[in-house]
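Some notes on the structure that comes next.
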Amino acid sequence: MSAPPRQQTATTAGVRTSPLVVLVHTITFRQARRFAGSFLPLAALIGIRGGSTTAVLVIGAVAVFSLVTAVLSWWRFSYADGPASVVVTRGLLSRSVRTVPNDRVRGVEIETPALHRVFGLVRVRIDAAAGAMKDDEEELVVDGVTRAEGDRLRVSVLTHRSGPETTGDDGAAGTPIEEEFTRFDNRWLLYAPLVGSYLALPLAVAGALYRAVDDLPDSVLPALPGPDLAHPGAIAIVAGIAVVLLLLGSVVGAALVNWGFRLVRRGGSLIAVRGLVTRRHTELEIDRIRGVTVSAGLGMRLVRAARVNALMTGLGDAGRRGQLLPLGPSSEAWRLARRLVEDPGPLVAHPPAARRRRLGRALFPGLVVTVAGLVALTVGWWELLATGVVLLAAGVPLGLGRYAALGHVTGPRSFAVRSGFLIEEQAILQPRAVVGWRVRQTFFQRRAGLATVVACVGAGGGGYAAVDLGAADVAAFTSAASEPWSEALSPAVP
Amino acid sequence: MSTAPPSTPLPPVRTPAWPLSRSAIGLWVTQGVLAALVPVLGTVVFAFAVPDSAGGPLPVLRWLLPVLAVVYAVVVIGVRPWVRFRVHHWEVTDEAVYTLTGWLTRTWTLVPISRIQTVDVTRSAMQQLFGLATVAVLTASSQGTVHIPHLSADIAQRVADDLARRAERVRDQAT
């Protein structure tokens, strides 16, 4: 780390990561992993043919291979942070040099997986906003620098910006004034079984385990006696155990990801820290926050829980990185949301025609099945009719629930739209977030005097919709919710 | 419904001022002919390949399929191009690009020039036959893309150049 800034030339030598990372990567097969697919069948074949000596040899060969690839990729990788940009050079045979100007960097994340922690290393992810990039190219990853170097890199990248207000923060960085926004309460982990994504976590683990076992040749598996599934009690017990494991797994999964979550404000940045095994340290610029979403699934709404995400322009992987509150009571979620974006006020319900439309759409599949069921009754099938009636009955609460979720409101400095039944999401946005309006009217919406208005936003999901707004309210809504250019939509303009 | 007082409900927002090039109708008719070709040929094959004596629902299909194919062909060749031409409008104001597209489902899209990121002009093979081009205006939002389809090629190029130049001047660095 030489003090004078390096010349920004294409041949900048840069700095290598810590050599210790070779050990980490050898153990985790980070580089060798991508060849694993072709190795596994080969290894299995050799493992069957040969005795234990061959097996040891194979394991040794794999370890050496992993070591060699790890050393090669460490040797060929370098990074350099100049005053204006970060340059990362990598690639075994074909070299790739990526230069990211510092003012394009939207955030820096420092990750500490368990093994990295043993060696005192961290992984730095630099979020380089580039709309046209593919997902995996949106960030620069510098894997395996010491903790101090990681912090230095983060500060260097984030403070060497060409902006007057960020250089002002430099002074504050010396004496950081922290303001805590949220601290995770471990009791909130109990919400996890009601959240789809956490429930899916143990299922994914089980699936991966099953596939791994399935890949192994039968000869190496011990012949375990399976449970006697013919017995009805056995099925109940197995199912009960599975449910308990699923619930436990979701809580454990949520704990792994969210343990010790803290959101603090330091200067112009929001910093989120979390994770039990892998610690993550995410830094987001407050200036780039254009809005927040507060969302809650069906199960979460039962216990009044919610999650909060930030909508930031150009943030890659926004679903994970923009999380401001991964899981918590909705009162806490709303307190946090109001702190970041002004509350536009209570939502306005959509016209009764919207309720008719939601109900109609929810009942339609049931209606089709019922009619088909009536036809099928002539051949003696009553099951189809029963299914249709059940679908019809389920459609009523679904339609009403979906209508109840609809709402919009405009305030002096923000606006909000809400929709969704299985996952209800309310987006609260600043007018400057809107980069375009899209108004859609289907044939049936035109007859019913409704229209769907999408606020196009260069952040998060790309657009947030006010579904089935009264057609007469559209122009008033768009002009109140965004900057003067949207007046072009109002019919009054000649 | 035809007796209801307002025969066409008022649109939710203003209609953009300018229509497309009339050549667009020719292009849509050609596309309609191509689209109708598949079901019509399918029906012909069906009529020849299926024997008269076949039972089940086949006798019904023997007249239902040709009727459906003809209706489809009439709609996509004789109706849709003209409805589309009546619906499609576009406009570039001092501050924004504004389009209306669709025929049954209508979509109005408004993008301010200050948020434009790139402007593309594309000419598909068929568009070149009719001397047309599409202008695509892209923003930071994946949903905030404006396509102005089927402008005559020289107008499209002029619009794109003009938009790109103005976007450069007033670009809002905040996004």
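Those sequence lines, one after another, are chains E and L.
Anchor point for the first sequence: position 343 equals 337 in my numbering, and the numbering is continuous, going up by one each time.
Anchor point for the second sequence: position 93 equals 129 in my numbering, and the numbering is continuous, going up by one each time.
All residues carry an ideal CB built from backbone N, CA and C; glycine is no exception.
Computed from a predicted structure; not experimentally measured.
In this structure the region 291 to 299 of chain E does not lie against the region 143 to 150 of chain E, because fewer than three pairs of beta carbons, one per stretch, are closer than 8 angstroms. The DSSP assignment places 72 to 75, 79 to 84, 90 to 95 and 99 to 106 as complete runs of the beta strand (DSSP E) inside the region 51 to 117 of chain E, in order along the chain (cut-off: 3 residues). Taking the Cβ atoms as the reference, Val123(L) lies roughly 6 angstroms from Trp139(L), within the contact range of under 8 angstroms. Using a 10 angstroms sphere on the CB of Met162(L), the tally of other CB atoms stays under 16, which defines it as exposed. Beta-bridge analysis with DSSP links Met306(E) to Ile283(E). Where His402(E) is concerned, the enclosing beta strand (DSSP E) starts and stops at Gly401 to Thr404.
Between Val251(E) and Arg273(E), the CB-CB gap reaches or exceeds 8 angstroms. Ranked by Cα distance from Arg92(E), the options Thr63(E), Ala122(E) and Val50(E) are led by Ala122(E). DSSP places Pro338(E) outside any beta strand (DSSP E), giving it a letter other than H or E.
Between the C-alpha atoms of Gln67(L) and Phe166(L) there is a straight-line separation of about 12 angstroms.
Look at Gly430(E) here: in three-state DSSP terms it is strand. Against chain E, the CB of Ser178(L) has a partner CB under 8 angstroms away; the residue lies at that interface. At a cut-off of 8 angstroms, the C-beta of Val107(L) has no neighbouring C-beta in chain E.
Straight through space, the alpha carbons of Arg315(E) and Arg89(E) are spaced by roughly 29 angstroms. Scanning its chain for C-beta atoms nearer than 7 angstroms, with the 5 sequence neighbours on each side dropped, one finds around Val76(L) the residues Ala105 and Ala109, in chain order.
Gly389(E) carries a helical assignment under DSSP once its states are collapsed to helix, strand and coil.
Here the region 277 to 287 of chain E makes contact with the region 415 to 434 of chain E; the two share three or more CB pairs at distances below 8 angstroms. In its chain, beyond the 5 residues on either side, Cys450, Val451 and Gly452 have a beta carbon closer than 8 angstroms to the beta carbon of Val429(E). Ser263(E) and Ile280(E) have their C-alpha atoms some 5 angstroms from each other. Within chain E, no C-beta atom comes less than 7 angstroms from the C-beta of Pro117(L); the nearest is roughly 18 angstroms away.
When rounded, the separation of the alpha-carbon atoms in Thr307(E) and Leu46(L) is 36 angstroms. The three-state reading of DSSP puts Phe437(E) in helix, counting H, G and I together. Among the CB atoms of chain L, one or more fall inside 8 angstroms of the CB of Pro485(E). Listed along the chain, the chain E residues whose CB falls inside 7 angstroms of the CB of Ala132(L) are Trp479 and Ala482. Val157(L) has Val171(L) as its beta-bridge partners, per DSSP.
Less than 8 angstroms divides the Cβ of Leu14(E) from the Cβ of Gly138(E). About 6 angstroms separates the CB atoms of Thr11(E) and Trp68(E); that is less than 8 angstroms, so the two are in contact. Secondary structure in the region 456 to 487 of chain E: the alpha helix (DSSP H) runs of 4 residues or longer, each lying completely within the stretch, are 468 to 475 in chain order.
Within the same chain, Gln153, Thr154 and Thr181 come within 6 angstroms of Leu174(L) by CB-CB distance, once the 5 residues on both sides are set aside.
Taken through DSSP and simplified to helix, strand or coil, Pro75(L) comes out as helix.
Taking the Cβ atoms as the reference, Val448(E) lies roughly 15 angstroms from Gly401(E), outside the contact range of under 8 angstroms. Collapsing the DSSP output to three states places Ala53(L) in coil. Contact between Pro52(L) and Leu136(L) holds: their C-beta atoms lie close to 5 angstroms from each other, under 8 angstroms. Going by beta carbons, Pro95(L) and Thr79(L) fall outside the 8 angstroms limit. In chain order, Ala300, Val302, Ala327, Ala331 and Gln420 place their CB closer than 6 angstroms to the CB of Val288(E), counting only its own chain and leaving out the 5 sequence neighbours on each side. Leaving aside the five residues that flank Ser60(E) on each side, the residues in its chain whose CB is nearer than 6 angstroms to its CB run, in chain order, Thr20, Phe23 and Ala26.
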